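A.B. asks: The structure is given below, and queries will be raised subsequently.
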Amino acid sequence: MDLEEFLSLRISLVRGYRVYRVSDAIQPPRELGEIIELSLSPGPADVEMLFEKKPRGGVLVSETTPPMGPSAPLKRVNISSIRPLEKVVEKAYNDRDLTAREAVFMLYSGGVEVHRISRILSVGAIGKKRKLVPTRWAITAVDKIVSDRLLEQVKRYSIIDRYMLYKRKVDRNLFISILAPHAWAFEWGEAWYPGSTWNMWGSEPWVEIDYEGYGGRDSYPGIGGCYYASRLASLEALNSMRRQAAVISWREIYEGFNLPVGVWFVRENMRAMYRSEPEIFDRLEDVLKRVAELLRTPIRSFLERSGVFRILRNKRITSYTG
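Start counting the sequence shown at 5; every next residue gets the next number (the working numbering).
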């Protein structure tokens, strides 16, 4: 399914909503229980919804979640048929001694996709202290929890010995990742061109970068949830290689890409990018020269904001001076 088809499908869906207390997840009322059951389901279900009034409203967009169509207050929901749960999902749901973090990683290790884990976390179906969580928070929380656990493993691996360059161009976006022979560090940078979602009326590309060193971050990245979505994809790639590296990940968003589609777009395209064959380089100068050829943005606009580039540059200076 291409992006336009996906967006058309999302926007055409009618949603029901109802207001609950955060704590209602502990002892869910009937309708919330049905919603939880749907969220746990491994696939489509036959559902009947009765609305209190006619659905209305335009398209709801967010930088974290995919676009959503018209909605209406939900009066009643009935599930006609639903697929049985996998054992790992059933265990995570029934085990109230597991923390939410433990349950999230158990589900991930059991093969449950992160978008589904986010849905399960959002409806308060896992953890000791169960509560309803806003969808955008749940998405970022799952990306962070899983990537934090993967990072523990990656830090035990040996460091790569050459530079690896991955690239992917798709739907008016360019994704680039440099894996560098250095202990773990990570950055995510974006260049939004005039006429794109977050720079509709600008006159030049707007560049923003957040990064972390070996010890991680102690604050939420200002660049938003895409940081953790791309971090997860990068750590999955390193974990599959059983190697450690410093990671520079940049994205250019071109004119015409003007509807927020959610962080899943970053996560899934980064995953696809890492499944491609990388270009290999022996020197930092050579890989940066190649990246400069791929970017529309002058590479200095990224490098002057790049925390990981400073780390790599300082390493080179230290190696020359002893």
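Glycine residues also receive a C-beta, built at the ideal position from the N, C-alpha and C atoms. Bear in mind that the values here come from a model prediction, so they are computed numbers and not experimental data.
(1) Nearest by alpha-carbon distance to Phe109: which of Lys91, Asp147, Ile180 is it?
(2) Thr301 to Asn318, Cα distance in whole Å?
(3) So, is Asn262 buried or exposed, given that buried needs 16 or more other C-beta atoms within 10 angstroms?
(4) What are the residues that DSSP puts in a beta bridge with Phe285?
(5) If you draw a straight line from the alpha carbon of Ser207 to that of Trp196, how long is it in whole angstroms?
(6) Comparing alpha-carbon positions, which option in Glu283, Val118, Met274, Pro77 lies nearest Arg60?
(7) Let's test the definition: count the other Cβ atoms within 10 Å of the Cβ of Val23 and tell me whether it reaches 16, buried, or not, exposed.
(8) Sorted by chain position, which residues of the same chain lie with C-beta nearer than 6 Å to Leu283's C-beta, five sequence neighbours on each side aside?
(9) Tell me whether Trp254 is buried or exposed, calling it buried when 16 or more other Cβ atoms sit within 10 Å of its Cβ.
(10) Quick check on Arg279: buried or exposed, where buried means 16 or more other Cβ atoms within 10 Å of its Cβ?
(11) Looking at the secondary structure, which residues open and close the alpha helix (DSSP H) in which Val118 lies?
(12) Which residues does DSSP pair with Ser75 in a beta bridge?
(13) Within 8 Å, do at least three Cβ pairs link the segment 212-222 to the segment 126-139?
(14) What are the complete alpha helix (DSSP H) segments, minimum 4 residues, inside the segment 154-212?
(15) Where Glu308 and Glu212 are concerned, what is the direct C-alpha to C-alpha distance, given to the nearest angstrom?
(16) Between the C-alpha atoms of Met277 and Met53, what's the straight-line distance to the nearest angstrom?
(17) Is it buried or exposed for Ser85, if we count other Cβ within 10 angstroms and need 16 for buried?
(18) For Arg172 and Glu289, I'd like the C-alpha separation in whole angstroms.
(19) Cβ of Met274 within 8 Å of Cβ of Ser305?
(20) Out of curiosity, what's the CA-to-CA distance linking Thr201 and Asp101?
(21) From Gly326 to Met72, what does the alpha carbon distance come to, in whole angstroms?
(22) Any idea what DSSP makes of Asn273, helix, strand or coil?
(23) According to DSSP, simplified to helix, strand and coil, what is Arg235?
(24) Taking C-alpha atoms, which residue in Ser12, Asp50, Pro264, Ile315 lies nearest to Ala189?
(25) Three-state secondary structure (DSSP) at Ser12?
(26) Counting only the same chain and skipping the five closest in sequence on each side, list residues whose C-beta sits under 7 Å from that of Ser45.
(27) Out of Ala49, Lys79, Ser75, point me to the one whose CA is closest to Glu56's CA.
C.D. replies: This is what the structure holds:
(1) Locating residue 109 in the sequence shown gives position 105, counting from the first residue. For Phe109, the closest of Lys91, Asp147, Ile180 by C-alpha to C-alpha distance is Asp147.
(2) Translated into the one-based positions of the sequence shown, residue 301 becomes position 297. Translated into the one-based positions of the sequence shown, residue 318 becomes position 314. One C-alpha to the other measures close to 24 Å.
(3) If you number the sequence shown from 1, residue 262 lands on position 258. Under this definition Asn262 is an exposed residue.
(4) Within the sequence shown, the letter at position 281 stands for residue 285. Note: Phe285 sits in a beta bridge opposite Tyr167.
(5) The residue given as residue 207 occupies position 203 in the sequence shown. The residue given as residue 196 occupies position 192 in the sequence shown. Each residue's alpha carbon lies about 11 Å from the other.
(6) The residue given as residue 60 occupies position 56 in the sequence shown. The shortest C-alpha separation from Arg60 is found at Pro77.
(7) As a first step, residue 23 is located in the sequence shown; it is residue number 19 there, counting from the start. The residue in question, Val23, is exposed, as its Cβ has fewer than 16 Cβ neighbours within 10 Å.
(8) To locate residue 283, count along the sequence shown from 1; it is residue 279. In the sequence as presented, Leu is not what sits at residue 283; that position holds Glu. Apart from the 5 residues on each side of it in sequence, Glu283 sits with its Cβ closer than 6 Å to the Cβ of Leu169 in its chain, given in chain order.
(9) Here the question's residue 254 lines up with position 250 in the sequence shown. Trp254 is buried by the Cβ-count criterion.
(10) Numbered from 1 along the sequence shown, position 275 holds the residue referred to as residue 279. Classification of Arg279: exposed, given that the 10 Å Cβ count is below 16.
(11) Numbered from its first residue, the sequence shown carries residue 118 at position 114. Val118 -> alpha helix (DSSP H) spans 118-126.
(12) Mapped onto the sequence shown, residue 75 falls at position 71. DSSP, once it has assigned bridges, lists Arg19, Arg60 as partnering Ser75.
(13) Contact between the segment 126-139 and the segment 212-222 is absent, because fewer than three Cβ pairs lie under 8 Å.
(14) You should have found no qualifying run.
(15) Reading the sequence shown from its first residue, position 304 is the one you call residue 308. Reading the sequence shown from its first residue, position 208 is the one you call residue 212. Going by C-alpha positions, Glu308 is about 11 Å away from Glu212.
(16) One-based indexing of the sequence shown puts residue 277 at position 273. One-based indexing of the sequence shown puts residue 53 at position 49. Each residue's alpha carbon lies about 39 Å from the other.
(17) Along the sequence shown, one-based indexing puts residue 85 at 81. With fewer than 16 other Cβ atoms from the protein chains shown falling within 10 Å of its own Cβ, Ser85 counts as exposed.
(18) Here residue 172 refers to the residue found at position 168 of the sequence shown. Here residue 289 refers to the residue found at position 285 of the sequence shown. Taking the straight line from one Cα to the other gives about 21 Å.
(19) The count along the sequence shown starts at 1 and reaches residue 274 at position 270. The count along the sequence shown starts at 1 and reaches residue 305 at position 301. Cβ atoms of Met274 and Ser305: not closer than 8 Å.
(20) Position 197 of the sequence shown, counted from the start, is the residue given in the question as residue 201. Position 97 of the sequence shown, counted from the start, is the residue given in the question as residue 101. The alpha-carbon of Thr201 is positioned some 43 Å away from that of Asp101.
(21) Within the sequence shown, residue 326 is the residue found at index 322, counting from 1. Within the sequence shown, residue 72 is the residue found at index 68, counting from 1. Residue confidence for Gly326 is low, a pLDDT of 41 falling below 50, so the modelled location carries little weight; the figure read from the coordinates is stated next. Straight-line Cα distance between these residues: approximately 57 Å.
(22) Position 269 of the sequence shown, counted from the first residue, corresponds to residue 273. Collapsing the DSSP output to three states places Asn273 in a helix.
(23) Numbered from its first residue, the sequence shown carries residue 235 at position 231. Here Arg235 sits in helix by DSSP.
(24) Sequence index remark: in the sequence shown, residue 189 carries index 185 (1-based). Closest by alpha carbon: Ile315.
(25) Within the sequence shown, numbered from 1, the residue matching residue 12 stands at position 8. Three-state DSSP puts Ser12 in a helix.
(26) On the sequence shown, residue 45 is found 41 positions in, with the first residue counted as 1. Around Ser45: Ile86, Arg87.
(27) Along the sequence shown, one-based indexing puts residue 56 at 52. It is Lys79 whose Cα lies nearest to the Cα of Glu56.
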